[in-house]
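Novice:
In our numbering, the protein residues as written are 199 to 728.
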């Protein structure tokens, strides 16, 4: 039952709320938040989440609290107020309150590949959201919870025996994902081995694909009626919210046009500019200075490193649709433990760069062949402290950029050729996985994948099984490149450094070269003056 602290609001709309309450007491002052808590309790009761029982001897009841969140539309307007009851899972004991906890979520590369295929084939894209997703999971362990704030129990000595998973439980994501997988497989979907969050179903000429990110589902397919029937099936299995055509997913704005799908995080970028107070700042030409020496800087540490870490966390996520940030974010992320003022200034330079192009993003082309192309590069001994090199790669599906990365190599390379060879090995691993991912999506990539490298020496090592003083120490696993060539997985080719697209992922470039490569990467700024 619901206690009197949740009176029914005479005003059903609470869109005037602009601040999320920090406590239950604060939330009780607003009718909109009281309604949100009432709706959450009702959903928990309807779902049979718990039953009231005496606490058995030797058992303990975990505490809980309310968490409040304002949900926004992509244009920044308030969609709804969400109150969530969360159990104190940090007090669970492994082996007693839980065992396994892992649950997969879709990789961002998979998200981009999924959307690129849909754009190329001109398939419909729909989005659905599961209400109270974690509450659907069946709980195996014996877990007890204290009575939630605002909830009236018939007997004050009773506690809640949980039958369904609850937000905050360590095993809740795993329980929910297992429940969802069962429902999808019951409809005839196959789970991809390349990414366990991807599900595909083929019947005759009809194909449906589903991508899962916790409680958000993206559905694509070539048959409108089949999509409608599948959405109805999901609504019978769970309490679903049909969001219609895909427009806003995980903070990514999706705009469809005859040219394809344009992915941007403009609202997210504007939030970063607002939080850092740089909305009126002068834009920077590039995200990082060309001849920076951030690794060598010695100076007083920031008194409070949290703003730096928070900003870098946001920039890392922004790089999901902004390949141009990848290198600078990689460099700045190395100083999260102990940043100094120069690192903070460099991070703010990235924000000033964003000021000049807040709506910039990537275009997943509709006029594009579904064939992979790879580019790889390295910067030899780039780290002045460890002398380890940087690897960078970029992968296109047709004309659509779907995978990119900057990563410090795990060992010191004795030559630039060795560093390039290791970068080629890393890119080959990515290409091999992407080929398997595309096969899950019904695309058999038969021809060898072009892989462009700007080192003739590295290409010579890859093509010829020669061992000498320069190569005999390289780990055996790097030499699988030769097998990849012999089996026609990849076809390495030379490209001049001046047009090496992966160069933007391994070093800080000057303004001219940086913007030249941006135009080649499929990065667009629709708000830029033509």
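Every residue gets a Cβ at the ideal spot worked out from N, C-alpha and C, and that includes glycine.
Between which two residues does the alpha helix (DSSP H) harbouring residue 261 extend?
Specialist: From DSSP, residue 261 is part of no alpha helix (DSSP H); its letter is neither H nor E.
Novice: Excluding the 5 residues preceding and the 5 following residue 382 in the sequence, name in chain order all residues of the same chain whose CB lies nearer than 6 Å to its CB.
Specialist: Hits under 6 Å: 397.
Novice: Whose CA, out of 511, 501 and 515, lies closest to the CA of residue 449?
Specialist: The residue with the shortest Cα to Cα distance from residue 449 is 515.
Novice: Enumerate in chain order the residues of its own chain whose CB-to-CB distance from residue 517 is below 7 Å, with the five nearest sequence positions on each side excluded.
Specialist: 523, 524 and 527, listed in sequence order.
Novice: Return yes when the Cβ of residue 312 is within less than 8 Å of the Cβ of residue 416, no when it is not.
Specialist: It is a contact, given that the beta carbons lie within the stated cut-off.
Novice: Does the contact criterion of 3 or more C-beta pairs under 8 Å hold for the region 354-374 versus the region 320-335?
Specialist: Yes, they touch.
Novice: Within 10 Å of its beta-carbon, does residue 729 have 16 or more other beta-carbons around it, so buried, or fewer, so exposed?
Specialist: Nothing can be reported for residue 729, as the shown portion of the chain is limited to 199 through 728.
Novice: At the level of alpha carbons, what is the spacing between residue 489 and residue 580?
Specialist: Each residue's alpha carbon lies about 12 Å from the other.
Novice: Thinking C-beta only, is residue 688 closer than 8 Å to residue 629?
Specialist: Going by C-beta atoms, residue 629 is nearer than 8 Å to residue 688.
Novice: Inspect the beta-carbon positions of residue 314 and residue 600 and report whether they are closer than 8 Å.
Specialist: In contact: residue 314 and residue 600 (Cβ atoms closer than 8 Å).
Novice: Would you report the Cα separation of residue 388 and residue 412, rounded to the nearest angstrom?
Specialist: Going from the Cα of residue 388 to the Cα of residue 412 covers about 18 Å.
Novice: Can you round the beta-carbon distance between residue 225 and residue 266 to whole angstroms, since I take them to be within the 8 Å contact cut?
Specialist: About 6 Å separates the two Cβ atoms, so the contact holds.
Novice: Give every residue of the same chain whose Cβ lies closer than 6 Å to the Cβ of residue 655, excluding the five residues on either side of it in the sequence, and list them in chain order.
Specialist: The residues are 615.
Novice: Assess, as a yes-or-no matter, whether the region 681-699 is touched by the region 635-647 under the definition of 3 or more beta carbon pairs within less than 8 Å.
Specialist: Yes: the two stretches touch, three or more of their Cβ pairs being nearer than 8 Å.
Novice: Beta carbon of residue 328, beta carbon of residue 436: below 8 Å?
Specialist: Result yes, Cβ atoms of residue 328 and residue 436 sit closer than 8 Å.
Novice: Following the continuous alpha helix (DSSP H) through residue 518, name the residue where it begins and the one where it ends.
Specialist: First-last for residue 518: undefined, no H or E at that position.
Novice: Taking C-alpha atoms, which residue in 533, 577, 708 and 520 lies nearest to residue 557?
Specialist: When only C-alpha atoms are compared, the closest one is 520.
Novice: Mind checking residue 341: buried by the 16 CB within 10 Å criterion, or exposed?
Specialist: The residue in question, residue 341, is buried, as its Cβ has 16 or more Cβ neighbours within 10 Å.
Novice: When the Cα atoms are used, what is the spatial distance from residue 660 to residue 247?
Specialist: About 58 Å.
Novice: Taking Cβ positions, are residue 700 and residue 542 nearer each other than 8 Å?
Specialist: Their beta carbons are not under 8 Å apart, which means residue 700 does not touch residue 542 by this criterion.
Novice: Could you check whether residue 652 and residue 711 sit closer than 8 Å to each other, using their CB atoms as the reference points?
Specialist: Contact flag unset, no.
Novice: How about residue 281 and residue 264: are their beta carbons less than 8 Å apart?
Specialist: Closer than 8 Å, so yes.
Novice: Give the secondary structure of residue 699 by DSSP, where H, G and I count as helix, E and B as strand, and everything else as coil.
Specialist: Residue 699 falls in the helix class under three-state DSSP.
Novice: From this set, 443, 221, 270 and 279, which residue's C-alpha is nearest residue 325's C-alpha?
Specialist: The shortest C-alpha separation from residue 325 is found at 443.
Novice: Can you look up residue 295 in the DSSP assignment and give me helix, strand or coil?
Specialist: Note: residue 295 maps to coil in three-state DSSP.
Novice: Going by alpha carbons, who is nearest to residue 691 out of 585, 532, 551 and 571?
Specialist: When each option's Cα is compared against that of residue 691, the closest is 571.
Novice: Within this structure, are the beta carbons of residue 253 and residue 286 separated by less than 8 Å?
Specialist: In this structure, residue 286 does not lie closer than 8 Å to residue 253 by Cβ.
Novice: Report the three-state DSSP secondary structure of residue 434 (helix, strand or coil).
Specialist: DSSP places residue 434 in helix when its eight states are reduced to three.
Novice: Can you name the start and end residues of the alpha helix (DSSP H) that residue 371 belongs to?
Specialist: Segment 370-384, the alpha helix (DSSP H) holding residue 371.
Novice: List, from N- to C-terminal side, the alpha helix (DSSP H) runs of 4 residues or more that fit wholly inside the region 604-666.
Specialist: For the region 604-666, whole alpha helix (DSSP H) runs of length 4 or above, ordered along the chain, are 614-638 and 654-661.
Novice: Return the first residue and the last residue of the alpha helix (DSSP H) that residue 468 is part of.
Specialist: Per DSSP, residue 468 belongs to the alpha helix (DSSP H) from 464-474.
Novice: Are the CB atoms of residue 481 and residue 550 nearer to each other than 8 Å?
Specialist: In this structure, residue 550 lies closer than 8 Å to residue 481 by Cβ.
Novice: Per DSSP, what are the beta-bridge partners of residue 389 in this structure?
Specialist: 397, per the DSSP bridge assignment.
Novice: Checking the sheet assignment: what are the DSSP bridge partners for residue 280?
Specialist: The partner list for residue 280 (beta bridge, DSSP) reads 267.
Novice: Can you say whether residue 728 is buried or exposed, counting buried as having 16 or more other CB atoms within 10 angstroms of its CB?
Specialist: Unreliable positioning characterises residue 728 in this predicted model, as indicated by a pLDDT of 48, which lies under 50. The coordinate reading is nonetheless provided below. Residue 728 should be labelled exposed.
Novice: Judging by CA-CA distance, which residue of 403, 508 and 402 is the nearest neighbour of residue 474?
Specialist: Residue 508 is the option with its Cα nearest to residue 474.
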